[in-house]
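Down below is the structure, laid out as structure tokens.
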Amino acid sequence: MIMEMLSRWQFGVTITYHFLFVPLTIGLALLVAVMQVLAYRRRDETWDRLARFFGSLFLINFAMGIVTGIVQEFQFGMNWSNYSVFVGNIFGAPLAFEGLLAFFAESTFIGLWVFGRNRLPPLVHTISICLVSLGTVVSAFFILTANAWMQHPVGYRIVGNRAELTDFWAVLGNSTLWAEFPHTVLAAFATGSMFVLGVSGWQLLRGREAVAFTRSARLSAGVALACTVLVIVTGDIQARLMEAQQPMKMAAAEAVYQTSNGASFSLLTIGNLSGQPVFQIRIPHLLSLIATLSWNGRVDGITQVQHAEAARYGPGSYVPVLWVTYWGFRIMVGLGFLMLIASAWALWRSRRGGKPFELGRWTLWVLVACIAAPFLANTAGWLFTEMGRQPWIVYGLMKTGQAASPTVSATDVALTFGGFVLLYTVLGIIDVGLMYRAARRGLGGAEERPSGPPREEAEELVY
Amino acid sequence: MTGPVASLNTAWFALIGMLWAGYFVLEGYDFGVGMLSLAVGRDDMDRRLARNAIGPWWDGNEVWLIVAAGATFAAFPVWYAAMFSGFYLALFIVVAALIVRGVSFEFRGKRDSARWRAGWDWALAVGSLLPAFLWGVVFTDLVHGLRMSPSGLYLGSFPGLLTPVAIVGGLASLAMFVVHGATFLSLKTAGPLAGRARKVAIRLAVPSGALVIGTAAWLSAAGSHGPGQLGGAVPTALAAACGLAFSVSGILVRLGLDGFAFALSALGVLAAVAAVFTAMFPRVMVSSGPGPSLTIWNAASANLTLVVMTVVAAIFVPLVLGYQGWSFWVFRQRLTRPAAQPSPSWRTSARRP
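Chains as they are written, first to last, in my numbering: chain V, 809 to 1271; chain S, 4 to 356.
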């Protein structure tokens, strides 16, 4: 029991930490690639310097994402060996493909982009960073293939103590995957864009390189706006899929106990969540609209779903931790709309072509503060979807309580959990400090750029 | 449970062996360079040179580990579950070391402070040393056999993994990677740093080969818990080939044939991994009781998973080899100390003719 609880905490803490870096990697890779392509197509020095500057931030973040990712892959076998045996036939393949199709390309081409600036032809150098960006998206696809199968298992049969693959195309065509993948990747793009927008805003506040950072601000505001709109649309599609596939999660998102037609959506609730709210702000019919796309659609309540699942899977509680799902859902959605407003406003204010980004200081500070929004929204969203699936580790097939490693001791897990927390805390502080320094440094003077023959030795000593 | 030898199970056992071999051949040299950067790097610039010598590749090299683990998870879930839960604390140390060494690449140059840089130099060296040793322990244990439960899980604890023979095996892999890293630095850098790396390679080539042969001899003397299908001759021959390759590599370094020396130390690592896998075959975790050994039959996924994996691997493994090989070609030139920052120990005459 203690071992299982510690393993849950260890996995939760390490994956949440890992997923601070992943969306920024995916989003920044896209934006840096776009900047590099613009630099190449227009033979433009400014875009090239911007690509380098945001590339340096990307690399610090990328390093943290890589090293914390290995922990995640190893943990399935280390702490969750029963789970690994049960799902390996199906779950293992996307993990292997992620490495083979995505990680190899990302790691090799990032090396070529960083070290090959003066050694590769400009076109090949530009393609390198584009392949890195493509790699990050492919990686997201495969890891979400694995996750979607945990949310909604398809294409399998149960043989003894394990699930065997019967239809690989069903696993790749999982409806949950095709809702989750665009939603997550677009959220990652939005994360990278809000980051670039915030950093650009900060540099404009400091009065540095106004022309260059106006460009990056305008680019990122545009990408952020487009992606945030699409994140909301795909999230809406996902909500209806969730109502059909995991009704408990939808009920838990709203903490709605009784099945009802034309259900309202509570913006916030004060009071206990055991069914007796003290104060609420509710929007009539909205929950039914989200969940079923009809004004008076039926939304299942926690009590009814609990009865149905107990009848189907045997006695026990099938209710997740409600305060996490309720607030996780609201924080995710609320911050999504905040990002929509912030990026739309920034884009509107910067519409005059060619002029520096003419925003007031106060607005720029808001944009800087908005850097935090996508990180909080991503975390809230994943906590909601993963904790909302509990008590299941694979929905309807295996409970998390049955999944842990039977031969690993609680002492061992306590040691590794403590080790990870310590290591991650120290590295997190260092990482934030270095990101701050690198962001503050700015583009560097134009005179630093080699104009004559490339200074090869210096370029080779990147580290 | 058994099946025909000519099957997808055997093919995946071989492919996973190749993925591990790729990992140890590639990350082996950058573990070695990591340790040597502190051991033979005399000043900040030496350590920078060593670090940048592996700069474009270390990350791609590490992906071989991720893919080897992922392929094991997919093709042999029971093996993956038993190995990763069984080596729990050992793998935690490996992962923590890989984290610290991994971030050291990006972090080191970001502050202009001698203490800061020295700290990350230690992180790289220790973060390379621990996995270099522990991987040897893990694979020696796999061949030697562990106490396994009837359901196929390791029954012991972390100290139970550190048997005398496993420690010798760990030292063998440590020594191999130091030599492999030294031949790499001889090939990839020029000047006094390369000179000192050559001395290390020459001095340690024979001892590292001897350690591998010693481990193999000890393992076969200890007797296996139920023999593998290939008998003792094949792995013994491969271990001997490894020892020979490392010894010859030392001679080639002495003759100034850096490229061939590196190729031979790579072949030596390859032979050592091949020895491990042929000694295990068709078992994947050898049991010393009370449960049975895990084999490529009772630990494997169902056929469809293996078929899908085979198709994807057949397409993408050659592609990966292609672009990784190209990346090695792009950055093939030797690194030298920049002329702008000469240091007292720097001499142009040390550059190899």
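We put the CB at the ideal spot given by N, CA and C, even for glycine.
Asked: What separation, rounded to the nearest whole angstrom, lies between the Cα atoms of E1256(V) and G112(S)?; Found: Residue confidence for E1256(V) is low, a pLDDT of 45 falling below 50, so the modelled location carries little weight and cannot support an answer.
Asked: In the DSSP assignment, the beta strand (DSSP E) including P293(S) goes from what residue to what residue?; Found: 290–293
Asked: Distance check for A93(S) and V146(S), CA to CA, integer angstroms please.; Found: 16 Å
Asked: Does Y1271(V) have its Cβ less than 9 Å from a Cβ in chain S?; Found: yes
Asked: Buried or exposed for A236(S), please, with buried defined as at least 16 other CB atoms from any protein chain shown within 10 angstroms of its CB.; Found: exposed
Asked: Three-state secondary structure (DSSP) at S1024(V)?; Found: helix
Asked: Is it right to say P1055(V) is buried, meaning 16 or more other beta carbons lie within 10 angstroms of its own, or is it exposed?; Found: buried
Asked: Consult DSSP for N982(V) and reduce its assignment to one of helix, strand or coil.; Found: coil
Asked: Quick one: what does DSSP say N301(S) is sitting in, helix, strand or coil?; Found: coil
Asked: Should M288(S) and W82(S) be called a contact, given that it needs their Cβ atoms to be closer than 9 Å?; Found: yes
Asked: Tell me the rounded alpha-carbon separation between L156(S) and M283(S).; Found: 17 Å
Asked: Quick check: S1024(V) and F1192(V), are their CB atoms within less than 9 Å of each other?; Found: no
Asked: If you compare alpha carbons, which of V1240(V), V1270(V), V1229(V), R1249(V) is closest to S815(V)?; Found: V1229(V)
Asked: Rounded to the nearest angstrom, what separates I254(S) and N890(V) at their Cα positions?; Found: 50 Å
Asked: Compare the Cα-Cα distances from V1281(V) to each of G1144(V), I1237(V), G1030(V) and report the closest residue.; Found: Because chain V spans 809 through 1271 in this model, residue 1281(V) falls outside it and cannot be assessed.
Asked: Whose C-alpha, out of W1135(V), P1182(V), L939(V), is nearest the C-alpha of G1144(V)?; Found: P1182(V)
Asked: In three-state terms, what does DSSP make of I57(S)?; Found: coil
Asked: According to DSSP, simplified to helix, strand and coil, what is K191(S)?; Found: helix
Asked: Between R1263(V) and A17(S), what straight-line distance do the alpha-carbon atoms span, to the nearest angstrom?; Found: Here the model assigns R1263(V) a pLDDT of 44, short of 50, so the residue's position is not dependable and the matter cannot be decided.
Asked: What three-state label does DSSP hand K1207(V) in the structure shown?; Found: strand
Asked: Kindly indicate which residue of G1009(V), E1017(V), A956(V) has the alpha-carbon position closest to the one of H991(V).; Found: A956(V)
Asked: Give me the DSSP bridge partner(s) of Y964(V).; Found: L973(V)
Asked: Against chain V, with Cβ distances strictly below 9 Å, would M21(S) count as a contact?; Found: no
Asked: Would you call G1102(V) buried or exposed, if buried means 16 or more other Cβ atoms sit within 10 Å of its Cβ?; Found: The question names Gly, but residue 1102(V) in the sequence shown is Ser. Result: exposed.
Asked: Which whole-angstrom value describes the C-beta separation of S290(S) and P80(S), a residue pair presumed to lie in contact below a C-beta threshold of 8 Å?; Found: In fact, because the Cβ distance is near 17 Å, the residues do not count as touching under 8 Å.
Asked: Measure the CB-CB distance between V209(S) and F161(S) and report whether it falls below 9 Å.; Found: no
Asked: Give me the residue from T75(S), Q336(S), T218(S) with the minimum Cα distance to P167(S).; Found: T218(S)
Asked: Could you check whether the Cβ of E65(S) sits closer than 9 Å to any Cβ belonging to chain V?; Found: yes
Asked: Would I918(V) pass as a contact of F997(V) if the rule is Cβ separation under 9 Å?; Found: no
Asked: Would N897(V) be called buried (16 or more neighbouring beta carbons within 10 Å of its own) or exposed?; Found: buried
Asked: Just tell me which of N887(V), T876(V), I1098(V) has its CA closest to the CA of L101(S).; Found: T876(V)
Asked: Using the three-state DSSP reduction, which class does N1069(V) fall into: helix, strand or coil?; Found: strand
Asked: By DSSP's criteria, M151(S) is part of a beta bridge. Which residues make up the other side?; Found: Y157(S), P293(S)
Asked: Check whether the stretch 827–838 of chain V and the stretch 943–952 of chain V are in contact - that is, three or more C-beta pairs closer than 8 Å.; Found: yes
Asked: According to a CB-to-CB cut-off of less than 9 Å, which residues of the stretch 313–329 of chain S neighbour chain V?; Found: V315, A316, F319, V320, L322, V323, Y326, Q327, W329
Asked: Cα-Cα, which of A901(V), Y1232(V), V893(V), R1159(V) is closest to I966(V)?; Found: V893(V)
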